[in-house]
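Note that the protein sequences, when read in sequence, are chains A and B.
294 is the number that the numbering used here gives the last residue of the first sequence; the numbers go up by one with no jumps.
294 is the number that the numbering used here gives the last residue of the second sequence; the numbers go up by one with no jumps.
Notes to accompany the following structure.
2 protein chains.
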Amino acid sequence: MKKNNKPQKVRAVSIDKILTAAQDVFITQGYKGATVQSIADNAGLPKANVLYYFQNKENIYHAVLEQTLTMWDEGIGDITIEDGPKLAIEKFIRAKVTMSFKNPKASKIYAMEIIQGAQHLQDFARTYQRQWVREKAKIFKYWIDKGEMQDIDPVNLIFLIWSSTQHYADFDNQVLTIMNRADYEKDDIEHVTNFLTSFILRGCGLT
Amino acid sequence: MKKNNKPQKVRAVSIDKILTAAQDVFITQGYKGATVQSIADNAGLPKANVLYYFQNKENIYHAVLEQTLTMWDEGIGDITIEDGPKLAIEKFIRAKVTMSFKNPKASKIYAMEIIQGAQHLQDFARTYQRQWVREKAKIFKYWIDKGEMQDIDPVNLIFLIWSSTQHYADFDNQVLTIMNRADYEKDDIEHVTNFLTSFILRGCGLT
DNA sequence: CAAAAACCTGACCTTTTGGTGTGTTTTTTC
DNA sequence: GAAAAAACACACCAAAAGGTCAGGTTTTTG
Chain A
88 MKKNNKPQKV
98 RAVSIDKILT
108 AAQDVFITQG
118 YKGATVQSIA
128 DNAGLPKANV
138 LYYFQNKENI
148 YHAVLEQTLT
158 MWDEGIGDIT
168 IEDGPKLAIE
178 KFIRAKVTMS
188 FKNPKASKIY
198 AMEIIQGAQH
208 LQDFARTYQR
218 QWVREKAKIF
228 KYWIDKGEMQ
238 DIDPVNLIFL
248 IWSSTQHYAD
258 FDNQVLTIMN
268 RADYEKDDIE
278 HVTNFLTSFI
288 LRGCGLT
Chain B
88 MKKNNKPQKV
98 RAVSIDKILT
108 AAQDVFITQG
118 YKGATVQSIA
128 DNAGLPKANV
138 LYYFQNKENI
148 YHAVLEQTLT
158 MWDEGIGDIT
168 IEDGPKLAIE
178 KFIRAKVTMS
188 FKNPKASKIY
198 AMEIIQGAQH
208 LQDFARTYQR
218 QWVREKAKIF
228 KYWIDKGEMQ
238 DIDPVNLIFL
248 IWSSTQHYAD
258 FDNQVLTIMN
268 RADYEKDDIE
278 HVTNFLTSFI
288 LRGCGLT
């Protein structure tokens with residue numbers, strides 16, 4: 088009896104299984120602690136089969152990392168001059184909070200990579216981010232010069248938004264422990280978005 | 088020729104060497120990736136000697152973790168009712184920023200542990216934090232009820248302060264890359280403190 | 001100053017693990 | 001429907017790493 092996986096899709100399905108499993112294992116065990124065997128087990132495949140698709144562990148990790156960066160990039164939303172400071176910040180915060188709650192794993196993988204010194208991150212990824220921040224900082228500067236918002240350092244503002252939003256993903260364990268809860272619930276995402284939005288807008292002098 | 092390590096202090100010195108080395112290795116390599124050999128090398132001791140003081144790798148990690156938690160606890164400053172909201176927040180932010188810049192490693196170890204699911208953290212550590220947050224939240228609530236600050240959720244406020252301050256430690260790599268710098272400098276700590284203090288005070292309606 | 005305690009270390013052993021090799025089964029192509 | 005390509009999987013191996021051990025040296029103690 089053959090399974091009717093749409094032809095040519097076996098590969099895609101297997102790779103997806105592996106990557107999903109790998110993400111979990113890399114988060115909880117770290118790069119070195121993640122064994123190919125445990126990734127295989129989690130994916131429901133024999134080890135040799137995993138290594139058939141990815142020749143070695145590093146390739147698996149790179150694939151996970153790449154997937155993560157792509158998702159991060161897509162979900163990050165945008166900050167455009169046309170929106171004006173208030174709307175732009177609102178949109179940005181909402182996008183980031185949503186990402187954090189919906190895909191905490193991506194955020195964690197990324198966080199661990201940075202904390203450990205970004206050993207596996209390509210130069211272009213770093214340069215890209217620098218570019219991104221510079222660009223957005225320029226937009227904030229524009230609004231500041233026009234008196235549309237408080238005169239604060241845009242780069243640090245971006246850091247603050249990043250950190251405060253991602254906190255709910257990276258440290259979900261801690262957050263949940265402190266709230267004495269087992270999991271996030273629907274309302275949380277809205278609640279946090281509202282809190283951060285109003286707080287940060289006030290901080291920006293955009294009441 | 089005998090070294091004149093103050094008697095009985097050989098142990099303390101060796102242990103300190105090991106712990107310092109271990110901290111670095113655990114951060115960059117993760118728990119599993121940190122080999123006893125590499126810790127020994129970094130400490131300038133033979134592997135067997137490291138295992139003479141700590142019977143196994145897990146003990147080393149636990150010791151590092153404990154040291155970290157202690158330091159974190161001591162440096163965290165306090166939030167007291169007498170100070171009133173403005174001074175209390177100022178003090179708290181300054182303490183946390185200073186910690187982040189002066190001891191990023193402690194912050195990183197802790198961050199990784201939480202991200203990975205706090206597998207090595209004792210229950211009491213978690214409970215303790217919950218207590219701490221509850222207690223401080225109550226103080227904020229008191230100020231809010233007295234109309235001394237904006238009506239915002241204290242727990243989320245604490246999260247925001249935590250995350251925005253620790254960001255400079257945990258993600259120093261990213262921050263430095265974006266600022267296109269090699270290291271933090273003296274002024275940075277003051278600059279960041281000022282930024283965060285005024286921003287957060289404004290967010291709290293404490294201009 | 002001798003006995004005891006603390007400290008030090010090279011050699012060794014065992015388990016884990018990344019990765020390979022080889023052959024088999026399934027799917028696709030023509 | 002047969003040949004080719006893709007997918008699968010068992011058995012195996014070499015290297016790495018955690019940890020032990022037995023014997024040595026130094027320091028402390030009384």
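Built from N, CA and C at the ideal position, the CB exists for glycine as well.
**Asked** Taking contact to mean at least 3 C-beta pairs separated by less than 8 Å, is the stretch 191-209 of chain A in contact with the stretch 128-139 of chain A?
**Response** no
**Prompt:** Which residues mark the beginning and the end of the alpha helix (DSSP H) in which F227(A) is found?
**Reply:** Indexing the first sequence from 1 puts residue 227(A) at position 140. 210-232 is the extent of the alpha helix (DSSP H) around F227(A).
**Asked** Distance, Cα to Cα, N146(A) vs A108(A)?
**Response** Along the first sequence, read from residue 1 onward, the residue named residue 146(A) stands at position 59. Along the first sequence, read from residue 1 onward, the residue named residue 108(A) stands at position 21. If you take the alpha carbons of N146(A) and A108(A), they lie about 14 Å apart.
**Message:** When you compare the CB of A198(B) with every CB in chain A, is at least one pair closer than 8 Å?
**Reply:** Position 111 of the second sequence, counting from 1, holds the residue named residue 198(B). Yes, A198(B) lies at the interface with chain A (some Cβ there is under 8 Å from its Cβ).
**Prompt:** What residue range is occupied by the uninterrupted alpha helix (DSSP H) comprising A198(A)?
**Reply:** Sequence index remark: in the first sequence, residue 198(A) carries index 111 (1-based). Here the alpha helix (DSSP H) through A198(A) covers 191-202.
**Asked** Applying a beta-carbon distance threshold of less than 9 Å, which residues of chain B neighbour K195(A)?
**Response** For the purposes of this step, residue 195(A) is taken as the residue at position 108 of the first sequence. Within chain B, the residues near K195(A) are I202, Q203.
**Request:** Along the alpha helix (DSSP H) that carries N260(A), what are the first and last residues, could you check?
**Result:** Here residue 260(A) refers to the residue found at position 173 of the first sequence. Residues 259-266.
**Asked** Hey, quick one: how far does the alpha helix (DSSP H) through D165(B) stretch, first residue to last?
**Response** In the second sequence, the residue the question calls residue 165(B) occupies position 78. Premise fails: D165(B) is in no alpha helix (DSSP H) and is neither H nor E.
**Item:** Reference T284(A), options T252(A), I196(A), W230(A), closest by Cα
**Value:** Residue 284(A) sits at position 197 when you count from the first residue of the first sequence. The option with the nearest alpha carbon to T284(A) is T252(A).
**Request:** With a 10 Å radius around its C-beta and 16 neighbouring C-beta atoms as the bar for buried, classify D238(B) as buried or exposed.
**Result:** Counted from its first residue, the second sequence places residue 238(B) at position 151. Looking at its Cβ environment, which holds fewer than 16 other Cβ atoms inside 10 Å, D238(B) is exposed.
**Asked** Do we get a CB-CB distance below 8 Å when we pair D165(B) with the residues of chain A?
**Response** Position 78 of the second sequence, counted from the start, is the residue given in the question as residue 165(B). So, not an interface residue.
**Request:** Taking Y118(B) as the query, report the chain A residues whose CB atoms sit under 8 Å from its CB, ordered along the chain.
**Result:** On the second sequence, residue 118(B) is found 31 positions in, with the first residue counted as 1. Here the neighbours are G117, G120.
**Prompt:** In chain B, which residues lie less than 7 Å from N260(A) when you measure between Cβ atoms?
**Reply:** Translated into positions along the first sequence, residue 260(A) becomes position 173. What N260(A) touches in chain B: I201, G204, A205.
**Item:** Unbroken alpha helix (DSSP H) run spanning L288(B), endpoints
**Value:** Within the second sequence, numbered from 1, the residue matching residue 288(B) stands at position 201. It spans 273-290 - the alpha helix (DSSP H) in which L288(B) sits, taken as one unbroken run.
**Cα-Cα separation, Y140(A) to Q209(A)** = Here residue 140(A) corresponds to residue number 53 of the first sequence, with the count starting at 1. Here residue 209(A) corresponds to residue number 122 of the first sequence, with the count starting at 1. Distance between the alpha carbons of Y140(A) and Q209(A): 22 Å.
**Prompt:** Is the closest heavy atom of the ligand ZN to the C-beta of S101(A) under 7 Å?
**Reply:** Because no ligand of any kind appears in the structure shown, any question about the ligand ZN cannot be addressed here.
**Request:** Check the Cβ-Cβ distances between I287(B) and every residue of chain A, and say whether any is below 8 Å.
**Result:** Taking the second sequence and counting its residues from 1, the one referred to as residue 287(B) is at position 200. Chain A contact via Cβ: present.
**Option in M199(B), E200(B), W159(B) with minimal Cα separation from T185(B)** = The residue you call residue 185(B) lines up with position 98 of the second sequence. Out of M199(B), E200(B), W159(B), W159(B) has the C-alpha closest to the C-alpha of T185(B).
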